[in-house]
Amino acid sequence: TLTGCAVALLYTEGREHEETCEFWPYSCPCLGPYLYCTWQGSLEQVMRHLMVCHNSIESLQGEDDVFSATDINKPVSRTWVKMQTCFGHHFRLLLEKRVKWDGCQQFFAIVQLIGSRKQVEKFAYRLELKVQRRHLTWESTPRSIHEPVFVIIMNSDCMGVQ
């Protein structure tokens, strides 16, 4: 059985192809500005890697979830991660807190499919933030774990609250 991409391209076409190629290696979904893991592998190996090497990450089953973050008032940047399985696929739920130089806090909520950029088009999600009498809703298509968190935030392709 052959594995890997068999497409032959000119050097100048390679970068564009890499962005959509399903055989491009996946990085560990735990990778982030405050988490570090150098693992890379195929899509089929991602969940096994998470269960073996990052078994402290909470994993949930089902369509609905309540994401509770602890210690949000501490004056440091921080990332909270959960894995959720529904509709036969796995998703990474990420809440990132960034503290700016002036002490202002920003929160970003991101949903990423452990899958390809093509697969994300099959899904939609809704995030709801409820604080006292305020209610904020964000609806979108998840991003692929191929897309770095900093790019998702930079492109405002996630729920952001200040």
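Straight run, no breaks: the sequence shown in this note's numbering ends on number 1431. No residue lacks a Cβ here, since even glycine has one placed at the ideal position from N, Cα and C. Please read all numbers here as calculations on a predicted model, not as lab measurements.
So, for residue i: in the same chain, excluding its five sequence neighbours on each side, which residues have a beta-carbon less than 7 angstroms away from its beta-carbon?
| i | result |
| --- | --- |
| Arg1361 | Pro1298, Val1350, Met1352, Gln1381, Ile1383 and Ile1414 |
| His1286 | Val1276 and Leu1278 |
Taking 6 angstroms as the limit between beta carbons, can you name the residues of its chain near residue i, skipping five residues before and five after?
| i | result |
| --- | --- |
| Trp1407 | Leu1396 and Met1428 |
| Thr1270 | Low per-residue confidence applies at Thr1270: pLDDT is 41, beneath 50, and the placement is therefore not dependable enough to give any value. |
| Arg1367 | Ser1346 and Gln1375 |
| Arg1412 | Gln1381 and Ile1421 |
| Cys1274 | Cys1290 and Phe1292 |
| Val1389 | Leu1382, Thr1410, Pro1411 and Ser1413 |
| Leu1405 | Leu1398 |
| Cys1322 | none |
So who's on the other strand from residue i, going by DSSP bridges?
| i | result |
| --- | --- |
| Leu1396 | Trp1407 |
| Tyr1295 | Gly1310 |
| Met1423 | Paired residues: none, contrary to the question. |
| Gly1429 | Phe1377 |
| Arg1412 | Gln1381 |
Please work out which residues of its chain come closer than 8 angstroms, Cβ to Cβ, to residue i, disregarding the five sequence neighbours upstream and downstream, and give them in chain order.
| i | result |
| --- | --- |
| Gly1283 | none |
Let me check understanding here. Comparing Cα to Cα, which of the options lies closest to residue i?
| i | options | result |
| --- | --- | --- |
| Met1320 | His1359, Lys1369 and Gln1388 | His1359 |
| Lys1387 | Tyr1305, Glu1365 and Phe1292 | Phe1292 |
| Phe1356 | Ala1393, Ala1277, Ser1296 and Met1423 | Ala1393 |
| Ile1379 | Lys1369, Val1368, Arg1317 and Leu1364 | Leu1364 |
| Arg1371 | Thr1354, Val1345 and Glu1390 | Residue identity check: residue 1371 is Asp in the sequence provided, not Arg. It is Val1345. |
| Gln1374 | Lys1399, Thr1348 and Glu1416 | Thr1348 |
| Asp1334 | Arg1317, Lys1343, His1318 and Thr1354 | Thr1354 |
Alpha helix (DSSP H) runs contained entirely in the segment 1297-1385, provided each spans 4 or more residues = 1312-1322
Touching by the beta-carbon criterion (3+ pairs, under 8 angstroms), the segment 1307-1326 and the segment 1337-1347 | no
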